[in-house]
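Student:
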Amino acid sequence: MADAETKTGFSMSVGLHGALLAALAYGLIPPPPRVAEETAMEVSFVDEAGLTSAAPTPSTEAPEIGAAPDVGTPQDAAPEPLPTPAPPEPQPPAPRQAVAPPRPQAPAPRQKATPQRPQQPTRQPPRPSPRAGTAERTQRSIRDDRNFLKGLGRDRVSQSNNPPAQMTGAARSSMRSLIARALMPCENQPFPSPQARAIKVQVRVTLNRNGSLASAEVTSVRNGNPELERYERRMRDLALAVVRGCTPMRGLPDEYYDVAGGWRQFNYQFPRDS
Amino acid sequence: MTLKHSFYPLLAAVAALAGLSVAQAQQPAPPPLEQDDEPIQVGQDVTTRITIAVPAMPTPNAASTAAGSTDDLGRQVAEIVAGDLRNSELFTPIGPGQLRPIGFPQVTAPDYPYFSASGAQNLVQGYVQANPDGRITVGCYLYDVSGQTQLAREGFVVQPRDWRRAAHRCADAIFSRLTGEGGYFDTRIVYVSETGPARRRIKRLAIMDYDGANHRFLTNGQWTVLTPRFAPNQQTITFMTYENERPRVMVYEIDSGATRPLIASPNMTFAPRYSPDSRYIIFSMATGGNTDIYRIPVGGGTPQRLTNSPGIDTGGSYSPDGARIVFESDRGGSQQLYVMDADGSNQRRISFGGGGYGTPVWSPRGDLIAFTKTGGFRIGVMRPDGSGERILTGGSYSEGPSWAPNGRAVMFTRGASSGQLWYVDVASGATRRVPTPLGGSDPAWSPLRN
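Top line first, the protein sequences correspond to chains X and P. Numbering of the first sequence is given in my numbering, commencing with residue 1 and proceeding in unit increments. Numbering of the second sequence is given in my numbering, commencing with residue 1001 and proceeding in unit increments.
(1) Output, in chain order, the set of chain X residues within a Cβ distance shorter than 8 Å of P/L1099.
(2) If you draw a straight line from the C-alpha of P/I1350 to the C-alpha of P/L1099, how long is it?
(3) Taking Cβ positions only, does X/Y231 come closer than 9 Å to chain P?
(4) Looking only at its own chain, which residues have a Cβ that is under 7 Å from the Cβ of P/T1195, when we skip the five neighbours before and after it?
(5) Let me make sure I understand the geometry here. Which of P/D1321, P/Y1280 and P/P1320 has the alpha-carbon closest to that of P/L1306?
(6) In whole angstroms, what is the alpha-carbon distance linking P/W1362 and X/T168?
(7) Is P/T999 helix, strand or coil when you go by DSSP?
(8) Beta strand (DSSP E) containing P/S1319: first to last residue?
(9) Between which two residues does the beta strand (DSSP E) harbouring P/M1057 extend?
(10) Closer than 7 Å by beta-carbon distance: list the chain X residues that pair up with P/I1050, in chain order.
(11) Does the CB of X/E217 have a neighbour CB from chain P at under 9 Å?
(12) Between the alpha carbons of P/A1066 and P/F1217, how many angstroms are there, rounded?
(13) For P/S1441, which option in P/R1204, P/G1083, P/Q1150 and P/V1107 has the closest C-alpha, if you only look at C-alpha atoms?
(14) Measuring straight from C-alpha to C-alpha, what distance separates X/R185 and X/A198?
(15) Tell me, please, whether the CB atom of X/L240 is closer than 9 Å to any CB atom in chain P?
(16) So, does the CB of X/P194 fall closer than 9 Å to a CB anywhere in chain P?
(17) For a contact meaning CB atoms closer than 7 Å, what does X/R279 contact in chain P?
(18) Spatial neighbours of P/L1178 within its chain, please: CB distance less than 7 Å, with the 5 preceding and 5 following residues excluded, ordered by chain position.
(19) Does any CB atom of chain X fall closer than 9 Å to the CB of P/S1428?
(20) Taking DSSP's pairing of strands, which residues face P/F1104 in a bridge?
(21) Residues of chain X with a CB under 7 Å from the CB of P/G1147: which are they?
(22) Determine the burial state of X/N188: buried for a count of at least 16 other Cβ atoms within 10 Å of its Cβ, exposed for fewer.
(23) With a threshold of 9 Å between beta-carbons, can P/Q1121 be considered close to chain X, or not?
(24) For P/L1073 and P/W1163, what's the separation of their Cα atoms in angstroms?
(25) What in chain P is Cβ-close to X/R227, meaning under 9 Å?
(26) Quick check: what's the CA-CA separation for P/Q1335 versus P/G1386?
(27) Would you report the Cα separation of X/V203 and P/P1101, rounded to the nearest angstrom?
(28) Out of P/Y1184, P/E1328, P/P1272 and P/Y1210, which has the shortest C-alpha to C-alpha gap to P/L1226?
(29) Starting from X/E232, trace the beta strand (DSSP E) both ways and give me its first and last residue.
(30) At least one CB of chain P closer than 9 Å to the CB of X/F270: is that the case?
(31) Assign X/A108 to buried or exposed, taking buried as 16 or more other Cβ atoms, counted over all protein chains shown, within 10 Å of its Cβ.
(32) Go ahead and label P/G1097 buried or exposed: buried means 16 or more other beta carbons lie within 10 angstroms of its beta carbon, across all protein chains shown.
(33) DSSP three-state label for X/Q195, please.
(34) Measuring CB to CB, does X/W263 end up less than 9 Å from X/L213?
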C-alpha cells in the first residue's frame, strides 16, 4: 500500500515538474517580476552599469613595473591636490604687492613656474590657490609633474592583470549616495525666486581621478512655465556653482572611477526633485 | 541727461580735467531710517540672499570733477551699489568699508582667493574715470567668485551731477544678471508728502529718487493733493487736487513745472492713470449721481465713457499691452475688482474673496494685479483672471500699491494716520521702508529712467 502511494506520489511529482519545466521552456509562465528600476535620482551615471557582480581575480603575475630611467634623486611628494594653506611659508604675493610699480598690468599671480630641476630637493611651496577643483589645475599639475610621473607604471585598473571592477547595482547606489552627499552642502543656492525651483537643470559632470572637477556642462534646462524663462540663465549659473563649490570630492572608490558607469562622469540635476 | 553704454578701455589714457563748470552737487539719500516696524515675512519663503562683495572703485587717474574727486566718487559709487542691492532684500553685500581697496589693474583681474575667503559668491568691481569732455565714466564689472568668470560688464558715461544714476544703473545691471529680473534702482518716486495735525494736514506733491535722494517738492501745500501717477514717458504726472475744494484731475509737466486741469468740467474727477503709450488718461467722473470711468487724450479733448453701470466705477489701470483695464466697482453691492476690454466691453468680475478689494494696479509684466484688500487693509496680488490670490503684507494698515518697473516689487503706504512708504518683494514677501523726510502716502513708481 505504502509502496503504491509512494509510486503514485513520485510519478505525480515527476509529472508536475516536467510540466513546469515545459511551461517555463515555452514561456507560458511569466518570469518573476523584476525589481523595479530605481527612479531617476538627482545623480545618475552616464553609462548604464553592468548588473553582474565581479570581484577582481587575484593576479598571478606581478604588476607591471615601469622603468624609471631618469628619476634622479627622490623628491618630496607633490603637494596634496587640495590646496591647503601653508602657514609658515611666506605668502608670495606680499613682496610683489609692496614693490608693485604703478604699471597697470594685470596682476596675474606671479607663478613664473621656472622649470624646476628634478634633482633639486627643495620643496616647492604650494601655489596660491589655483582654481580649486578645476580641470585647469589638474592639467597643470600633470604638466608640472610630467618628469616625475614618467617612470611610473600606469596603474589604470584596465592595465593591470586584475580584471576591471565592474559596476554592480549596490556599488552604483552607494556611489550615487556618496556624490549626492558631497554636493548637498552646496545646494543651498540663492534662488532668484521661489518659483524658480521648478526649473530643472541637468549638468554633465566629469571628475578627475583625484575627485577634482574636470568639466561641468549644462546639458538641458527643463521648464514648463514660460513665465519663468527669465530665471533660466541664473539657474544654469547656480547648478554649475553647486558642482564647482563641492569639488573636489573625496572618498570615491578608485576602482569604480573609470569603469563603465563609473563616477568619472555622471549627470546631476539641480535643484533636486522634492 | 544721457547715459550711454560704452566700454572704455581700462588702460586708455585720460587727461586730467581742469576748469570744469561746477554743476549742482547731488543731494544724497537721507540716512537710513530705523525701521520702526518689524519687516513682514508673509507668503512664500524668503529667498536665500546672495553674498556679494563691492569694494571701492579705483580710478585710473585721480582727478577733480564737478561732483568731487574721482577717488571719492569711486567709494561712493560702490556704497550706492551695495545699498541698492541690500535694499532689494535679495543680497547681502559686503561693502567698501569691509574690504581692502583694489588697484585699478585688478578691476579686470580680480583677486578671487581674497574675495572667496570673504565669503562672497559674487563680486562687483569697477572704476570711475574723468573724461576730457567733463563727463565721467563709471565702469561696472560683475564676477562669479567660485567660477572665476566675468558675468557682465557695462560702462556708463554721465554728467558729474548724475553720478548717482550711474551707480544705480550699475546696480540694475548686476541685479538683472543675478536674478533674471529687470532692474529698478534707476527710478524715481512721486508721492504725497504729509505733515501737520490730522485735521489740518498739509499734503504736497514730492518727487525723489527711489532711494530717497534728490528729494524735492512739486507743490506748495496750498491744496491737498492725492493719487499722483507717472506717465510712462516720464514727461508728465497726473494727480487729483482739492483746489478750491473741488476734486479734479490735473496734469503736471515735469520739465516746465506747469500744471493744468485734465478736463474743463464742473464735475468731480479723480483716480487718473495713464495708458501704457502715455497718450491717454483714464479717470473717474461723477455725473448725475453715478461715477464711471472715462478716457481722454493727455492733451485734452472729449472724454469717452467706458463704464455705465449704476454705482461707483473707479481706480482703472491698464494692462501693459493696453488691451484691458482693471477697475473697482461696487455695482454688485460690495467693492470688487472687474476687468474689461480697453473700449469698455466685456466687463467681468474677477475678485470673489471675503472683504472688499480696491486700488487695483496691473503689473508691468502683465502677470499679476496688485490690490488693497479693504477688509483689514493689506496688499495682495492675484492673476488677471482672479486666481492665485496672495496677501503680501500683514500687521499695519497698508494700501495703495504701485509696481516697480520690473514687476517684482510693490510700493505702498503703511500706516493710517501717519503714513510711510514701504515696498515688498512680491516673490519673497520681504519688505523695506523707503526713507522720506516727512510722512508719505500714495507712492507712484516711475519706469526705468531713459
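All residues carry an ideal CB built from backbone N, CA and C; glycine is no exception. In this text the structure is predicted, and so the values were computed from the model without any measurement.
Tutor: Taking the structure as given:
(1) By Cβ distance, chain X contributes nothing, its closest Cβ being about 16 Å from P/L1099, past 8 Å.
(2) 52 Å
(3) yes
(4) I1202, L1438 and G1439
(5) P/Y1280
(6) 57 Å
(7) In the structure displayed, chain P extends from 1001 to 1450; residue 999 of chain P sits before or after that span and is not available.
(8) That residue, P/S1319, is in no beta strand (DSSP E); it is neither H nor E in DSSP.
(9) Per DSSP, P/M1057 belongs to no beta strand (DSSP E) and is neither H nor E.
(10) P190
(11) no
(12) 25 Å
(13) P/R1204
(14) Residue identity differs from the one stated: residue 185 of chain X is Pro in this sequence, not Arg. Roughly 20 Å separates the two Cα atoms.
(15) yes
(16) yes
(17) No information on residue 279 of chain X is available, as it lies outside the stretch 1 to 274 that chain X covers here.
(18) I1050 and N1122
(19) yes
(20) Note: P/F1104 sits in no beta bridge, so no partner.
(21) L240, A241 and R244
(22) exposed
(23) yes
(24) 8 Å
(25) Inspection of the sequence shows that residue 227 of chain X is occupied by Glu rather than by Arg. In chain order: R1365 and D1367.
(26) 15 Å
(27) 36 Å
(28) P/P1272
(29) X/E232 -> not in any beta strand (DSSP E); alpha helix (DSSP H) instead, spanning E232 to G245.
(30) no
(31) Only weak support is given to the placement of X/A108: the predicted model assigns it a pLDDT of 40, under 50, and the question is left unresolved by the model.
(32) exposed
(33) helix
(34) no
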